[in-house]
Each structure stands twice: as C-alpha cells, then as structure tokens.
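Participant:
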Amino acid sequence: LAATRGATTRTDPLSTLAAQCLLGAALLAPFALAQGTPRITPELVTGALALGAISALCHFLTVAAYQRAEATVLAPFLYFNMITAMAAGYFWFGETLSPASLIGLGGIAAGGLVTLLGARLPAVGRGLPARLRFA
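Counting in the numbering used here, the final residue of the sequence shown is number 215, and the numbers go up one at a time with none missing.
#1: Cα separation between T152 and A105?
#2: P156 lies in the alpha helix (DSSP H); which residues open and close that run?
#3: Which residues bound the alpha helix (DSSP H) around L124?
#4: Return yes when the Cβ of L97 is within less than 8 Å of the Cβ of F157, no when it is not.
#5: Determine the direct distance from the alpha carbon of A114 to that of G187, and round the result to whole angstroms.
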C-alpha cells in the first residue's frame, strides 16, 4: 500500500504499473520456471492473455485511485480483494481453505468491521484530562 501510494505521487499511473509488473515478473519468473513449463495450448494462451489484461486494468485503476485518495480510504477495498480471491479459489477452483486462511479471513473481516464501526463511535479519551488521554 505504502509503496504504491509513494510511487503514484512521483509518476503517472502507466509508468508505475509498468515498473511494478516488470519487477513482479522478474521476481516470480525463477520460481515459475523451476516448476517446469506447461504444454502451450490455445486455451492456455487465451486464458493467460485475458487474465493479464484484467489484472493490468485492475492494477492500473488501483494506481490511479491512489493519486486521488488517501491510502486509509482505499485499504478496505484491497482487503476485500483478498476475501474475494479466497472465495473465488474456493467456489471456482475447488481450493480448500486452510485453518490459517480461515483465521486470516476472520481477522480481515473483524478489522474491517472495527474500522467501519469505529468511525461511528465517539473518540476514546474525549473529555478525559490531558494526562489520562491516549497518545
């Protein structure tokens, strides 16, 4: 979050997107190649191109959003992204969620609720003497 926000204040969204995608590809390529290369089929190429285009569009929109809003406003949407990715993996790909994934999912949901409800609650420490207030 912080890296994307920092990069968007210095460059345009397309340059930020290109740099992040190239860096990500360079870091992941050795691990992918270590697993061997799949048999190239038209379906694989079509799927990879579609996934790449959708991913690039979503990432471009995220980078552009960071130019227009604070990270604290956008963070809940990125956490929701993790939840939907887990749900898609479960429903579309039949992946079983591990206990650690479920605990993390619960933590993300709880944090989102605390953030949402916390904005509506009165501030903690309001009305207390200055020496008793939380920093």
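Cβ atoms here follow ideal geometry from the backbone N, Cα and C, with glycine treated the same way.
As the structure is a computational prediction, the values presented were derived from the model and not from experiment.
Facilitator: Taking the structure as given:
#1: Each residue's Cα considered, the two are about 28 Å apart.
#2: Start and end: 151-173.
#3: For L124, the enclosing alpha helix (DSSP H) has its first and last residue at 122-148.
#4: Not in contact: F157 and L97 (Cβ atoms no closer than 8 Å).
#5: Each residue's alpha carbon lies about 33 Å from the other.
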